Amino acid sequence: MAEEPCQCPDCQRFYKEHDRLIREFPTFKQQQELNWASIQSFRTLCTKISDELQKEFSERASNEDISTEEKSISDTEITEALDDLENVNAYLYSIEALMERIFDIKIPNNIESKFKEIANELAPDPLNMDRLILNRLFHQTPDSPDKKNIN
Ligand SMILES: [Zn+2]
């Protein structure tokens, strides 16, 4: 028997986001570009934050009289974050190398049409008319609090 997928708020947010990414980027090429941009933006941000933290840390080292109250981030927090970000950047670099391989692959147009077709089945538009009608039918049960809003 198949296990029911988890319905906690985090998982629900994940399913929603997962479906949105399929719906809004339904071709192989769009997924390539999306994932490439996503890795790059993550790396850009992590690298920039690392540089900033590094700068702040060296400024602190050369200026001993900054009081503890003036530090919104403690020295320990900075060094720990720098370690973590260094690891993250190394992982992202490896993912990027793999993404480059994926990026080199081209898919013919007739296969791209298949991607679009299947994407539409996997993640139909939640604002699509058929779906709205279906949702309405589901909510038309006698004890539904939504009932008074449906006419
Ligand atoms: Zn969950």
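Heads up, the sequence shown is in the working numbering, so the first residue is -15 and it goes up one at a time.
The beta-carbon is built from N, C-alpha and C at its ideal position, and this holds for glycine as well.
These numbers come from a predicted model, not from an experiment.
| task | Could you check how far apart the C-beta atoms of F99 and F12 are, in whole angstroms? I think they sit under 8 Å. | result | Going by Cβ atoms, the distance from F99 to F12 rounds to 5 Å, so yes, they are a contact pair.
| First and last residue of the alpha helix (DSSP H) that includes P(-7)? | Residues -7 to 8.
| request: Below 7 Å CB to CB, which residues in the same chain sit around R(-3) once its five sequence neighbours on both sides are set aside? | output: So no residue of the chain qualifies.
| To which residues of the same chain is F41 closer than 7 Å at the C-beta, ignoring the five residues directly before and after it? | Excluding positions up to five away in sequence, the list reads I62.
| field | Pair within 7 Å by beta-carbon distance, A107 and I6 | value | Going by C-beta atoms, A107 is nearer than 7 Å to I6.
| field | Counted within 10 angstroms of its Cβ, other Cβ atoms place L69 as buried (16 or more) or exposed | value | Per the 10 Å Cβ criterion, buried.
| query | Rounded to the nearest angstrom, how far is the Cβ of I23 from that of I79, given a contact under 8 Å? | reply | With a contact defined as Cβ atoms closer than 8 Å, I23 and I79 qualify at about 6 Å.
| Say the cut is 6 Å; is the CB of C136 nearer than that to a heavy atom of ligand 1? | Since the first and last residues shown for the chain are -15 and 135, residue 136 lies out of range.
| query | Short check: CB of L76 to CB of R4, under 7 Å? | reply | Cβ atoms of L76 and R4: not closer than 7 Å.
| task | Can you grab the Cα-Cα spacing for the pair E96 / N112, in whole Å? | result | Distance between the alpha carbons of E96 and N112: 22 Å.
| query | For Q16, which residues from the same chain have a beta carbon less than 7 Å from its beta carbon, with the 5 sequence-adjacent residues on both sides left out? | reply | Here the set comprises I86, F87.
| From which residue to which residue does the alpha helix (DSSP H) around E43 run? | Following the DSSP letters along the chain, one finds E43 inside the alpha helix (DSSP H) bounded by residues 12 to 46.
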